[in-house]
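If you read the protein sequences in the order shown, they are chains A and B.
The first sequence: position 108 = 107 (numbering that gives the first Met the number 0), numbered continuously.
The second sequence: position 329 = 328 (numbering that gives the first Met the number 0), numbered continuously.
First comes the structure, then the notes that go with it.
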Amino acid sequence: MYRRSKHRQKTEWLIALCGVALLALGNGVAVAQERGDVKAAIVYNILRFVSFPGSKPTLTVCARRQDNLTEGLKGLQGRAVATRKIDVVVYDRLDQASADCDVIYVGSASARSVQAPTRGQILIGEHPAFIEQGGTVGLVNFGSQVRFTINARAARNAEVRFSSQLMQLAARVIS
Amino acid sequence: MRNSLKLCAFLFSTVVVDVAQAHAARIEMASSSAQDEVPSASESTAAPTDGRQDNLLDMSLEDLLSQEVTTAAKKARRIGDSSSAIYVINQNDIRKSSARTVTDLLRQVPGLEVFEVSSSATSVSARGFSSRFASNLLVMVDGAAIYSTSISGMFWDQTLMPLQDIERIEVIRGPGGALWGSNSINGVINIITKQSIDTQGLRASAVAGARDLRGELGYGARLSESLALRLYGTYRHSDGMKFSDGSDDRAVWQGGLGGARFDYVPNSKDSLVFLSEYSNGDFDQPRTGFALGPAGLSYPISYVRNSFSSAHVLGRWTHTASQSLTLAGQIYFNRLQREELGLLIARDLYDASFEGHWQAGSRHEIGFGVSARISRDRLGDSPIFGLLNKTVNTDRIATGYLEDEITLIPDRLRITLGSKFETNNFSGTNSQPNARIFYRVNEKLSVWAAISRAVRTPLLQERETRATLEAPFAIPGFGSPIPTSLTITGNPNSKAEVFHSLEAGIWSSPARGWSFDAAVFYNHYKDLATTNLLSVAPLFLGQPPQPVGVQANATFGNEANARSWGTEILLSGSLTPDWSIEASYSYLNLKIRTRASSAANAFPLITGGLSSPHQLRLKSTAEITERVDLSGAVHYVSRSIDGLRPAFTDLDLRVACRVTPNIEIALSGRNLLSSKRLEYYQTNIPFPPTYVARAGQIEIRTRY
């Protein structure tokens, strides 16, 4: 009787703990989704301050299916940036990304894991050393807030111009 | 009991998980419709967004960067949603200005009066009462009130934080904007510095001008995903102002500041800030007094070298208890030492506060807070200046506020009812209620109105000090100013000034990218502080003694009333995507009256005569090319109310070139329309008036 009761108690505590763990997990899911929305909105705002060479009618944003932010980026589909409309294209692997991509979001991968950006291309990523690795724009988590960093040299090499206002708002700028 | 706990834990977790999953599901549903056409390797998406993401996408980048994920659903309040006269100086304004100091930045605020008194003093006031010693404007830096409660006014020259680290300055004209403090009857200036995470890497700026030098240095690092720091410093040197003949006034000022700030965000609900600063410097001040020579009485001018130092630490904790409840606690300590005219002002300030914001259902947003403040002051301790019958004075102040913003029609009509409460050990207890109403006619037009009661509690100098001044004063019965040795003794029975205000405002967006903002106000002031003359006797000096003037004794009282009304109008917008302009006009009508029964021997402490009825500002900021910015500002200030200071117009121009993305060089000129101008005069001090000089400067900013 005693052993059974003790076992039952353990089971109950386990269920309760699972509940608490689910709570944390569930809350984590919600926070992650909200963070994704904020990040997507930040990416959209950054693109509004970027001048790309050429005069294509669309601005192609490429992302990997597996990355959390990809869902948020899909929400930018059809949004206007200056005279261009955003077209979000999702790939299974980044090496499938075509040369038509104007913006490549690489998630938490290293900037070195993808081809160096060509003319008119920018790389956006979340690796802690993303801009030092040659990435163009890094997204930085700080607690529940999001910041961005800029590699001005990578932008210049790709003949992409960032407005001075954007540079001012960046948490860090390297060149 | 134990089972109840377990049940609670499980139920609670289940409910929250449901909410979280529902939220996640909503996003999933929205994006799942994107799967209609799936190419083999890639897919073009057409995901409709939910309303929340639409809100986010409509926000500015600056707003997004300050967005807490846990409160992302909460809509940021625009100026057009505000029920008070608010103006914000943002990072772009700061970056494109030629300001040398925080007070230079404040010159662009509609309705604010900013006058340079000397290299060590600036007069800043809103809605009248311009004075070096004005004490009706609350000034806060990162939530800590920094104005002096002993000798009235702000030591603006000690506001030395790097301009490059300021995120924004919010200026609220009128009494309702402040939740804290009894000395905010005419407005609040809230200076907010950047979080450490926003200032990573090395940043520096150097300014060299004809009369000023300034250097700023900052280094920031993200030590982990939850901890960031910033180390920073500033040095400033000023050669002072000019006399009417163009010569230097010899009031050299120099000082520096060093500080460190840590931001720690251990989880999504808590954030902590720890900030520590130390500054010191010294400055010259002219001093005068009686001297009897063969040619009679004169006022020889000598210069005094004063020093100042200030150290403070601030800790703030913010906790998001839930989507609807946010709590914040703060502690602040400041040790200040300063000399004015060679006389000591020393203060230890201890301040602790706790406040919260609760979204109580769909209709009520409740704000509440309590604060305790202890100020220990030592003053002067010399024959001409000091405390009355004591060496140290301790003021204890407890304050609180409670406010309820009630939504009557969602997103359209709301009223706000609230009050501040204060009790202290020198003027008793007071309450400061206010009521506001906001109505949004449509997306492009909103109106608001407010009625407020506020008080200004008597400062230490009005209650507990003694001071002797030797200067020509207008003593009743003597016609023109007469040489006077005036001894003013504090009055422990000084009362709080009582203030009632009616305000109304309108905000509209007449065209895309343009906004029009106007406020009108009517203020009534009761029991304004006065200097009350007690006795007048002949003054004899020299050997043998000869009559040279009068010996007067005075104290402080509350024998004046005042009323003012006026308006502030602002139009701002963009002519092209790269060219924005801002035009503002303000009008002030201020009348101060001493009570008839006391008119013969009582004089308002602040005459109000230095304020100007009309001010006009025009500001233009343009990106000429991708590398070159051009900005300019014209500012007209009409003749002062008392007619003693003439009207003036000034012009500032700045051209900046970004040599590389990391280096900007700027050339700027201030006060270009005249070689010098008079902004401020001190009627009671027989010292030649000092003028603001035309000046040019070169500035280099860099970032790595």
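Note that CB positions come from ideal geometry on N, CA and C, so glycine has one too.
Rounded to whole angstroms, the separation of the alpha carbons of S323/B and A397/B is 27 Å. For N423/B, the uninterrupted beta strand (DSSP E) segment begins and ends at 412 to 423. The Cβ neighbour count for D99/A, taken over all protein chains shown within 10 Å, is under 16; the residue is labelled exposed. When only Cα atoms are considered, I184/B and Y234/B end up about 33 Å apart. Apart from the 5 residues on each side of it in sequence, Q194/B sits with its Cβ closer than 6 Å to the Cβ of D262 in its chain, given in chain order. At least one C-beta of chain A is nearer than 9 Å to the C-beta of I196/B. In the three-state scheme derived from DSSP, where H, G and I count as helix and E and B as strand, R167/B is classed as strand. Of the residues R118/A, A40/A, G119/A, R92/A, the one whose Cα lies closest to the Cα of G106/A is R92/A. Excluding residues up to 5 positions away in sequence, P161, Q163, S204, T233 lie with their Cβ nearer than 6 Å to the Cβ of E215/B in the same chain.
A536/B has Q550/B as its beta-bridge partners, per DSSP.
Taking CB atoms only, Y104/A has no neighbour in chain B less than 9 Å away. In this structure, DSSP gives Q681/B a state outside helix and strand, which the three-state scheme calls coil. For I474/B, there is no enclosing alpha helix (DSSP H), as DSSP marks it with neither H nor E. Boundaries for Q120/A: no alpha helix (DSSP H) harbours it, and the DSSP string shows neither H nor E there. Assignment of V497/B by DSSP, reduced to helix, strand and coil, places it in the strand class. The C-beta separation of D649/B from T606/B comes to about 24 Å, leaving the pair out of contact by the 8 Å criterion. As far as DSSP is concerned, M58/B takes part in no beta bridge.
Under the 9 Å criterion on CB atoms, S143/A is classed as interfacial with respect to chain B. Per DSSP, reduced to three states, the secondary structure at Q431/B is strand.
Contact annotation: A528/B and A559/B have beta-carbon atoms nearer than 9 Å. Under the three-state reduction of DSSP output, Y146/B falls in the coil class, being neither helix nor strand. For N266/B, no beta strand (DSSP E) run applies, since DSSP gives it neither H nor E. When rounded, the separation of the alpha-carbon atoms in E115/B and A692/B is 11 Å. Using beta-carbon distances, N661/B counts as an interface residue toward chain A, with a partner under 9 Å. Among the residues of chain A, none has a CB under 7 Å from the CB of R372/B; the nearest is roughly 30 Å distant. Proximity of N44/A to chain B, defined by a Cβ-Cβ separation below 9 Å, is satisfied. Distances from the alpha-carbon of T57/A to those of Q65/A, S50/A, D86/A put D86/A closest. Within the same chain, Cβ atoms closer than 7 Å to the Cβ of V535/B are found at I474, V549, A551, the five residues on either side in sequence being excluded.
Among the residues of the region 372 to 402 of chain B, none has a Cβ less than 9 Å away from any Cβ of chain A. In the displayed model, E131/A falls within coil according to three-state DSSP, outside both helix and strand. Annotation: the continuous alpha helix (DSSP H) that includes T69/A extends over 68 to 73. Burial is judged here by how many other beta carbons sit within 10 angstroms of a residue's own beta carbon; D57/B has fewer than 16 and is exposed.
In this structure, the CA atom of F132/B is about 40 Å from the CA atom of Q358/B. Chain-order list of chain A residues neighbouring R702/B: V172, by C-beta distance under 7 Å. Per DSSP, the continuous alpha helix (DSSP H) segment holding N156/A begins and ends at 151 to 156. Just measuring C-alpha positions, the residue of V251/B, T530/B, V87/B, S270/B sitting nearest V187/B is V87/B.
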